[in-house]
Amino acid sequence: MAAMLYIYVCFYSMGWGPLPWVYVADIFPTRTRHYGLAVASASQWLFSASPPLPLVAQDG
74 MAAMLYIYVC FYSMGWGPLP WVYVADIFPT RTRHYGLAVA SASQWLFSAS
124 PPLPLVAQDG
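The sequence shown runs contiguously to residue 133 in my numbering.
This is the structure in structure tokens:
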């Protein structure tokens, strides 16, 4: 199982995985880039955590 997870992470990192981070870093002007990256990072974590949380609470 650990080997499959490692392979998945390796191929995800070489594919589309990091592209949103590069794109977000380039679309904001230099003087507001830190705010844009902070909002993008917070929203990514929020939307990644919000779907599984009700399922975990339901299943226990």
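Where a beta carbon is used, it is the ideal one built from N, C-alpha and C, also for glycine. Note that the structure is predicted; figures quoted are calculated from it, not measured.
Under the three-pair Cβ rule at 8 Å, the segment 104 to 123 does not count as touching the segment 78 to 87.
Between the C-alpha atoms of Ala115 and Asp132 there is a straight-line separation of about 26 Å. Out of Tyr96, Phe120, Ser121, the CA that lies nearest to the CA of Leu110 is found in Tyr96.
Rounded to the nearest whole angstrom, the C-alpha separation of Tyr108 and Leu126 is 27 Å.
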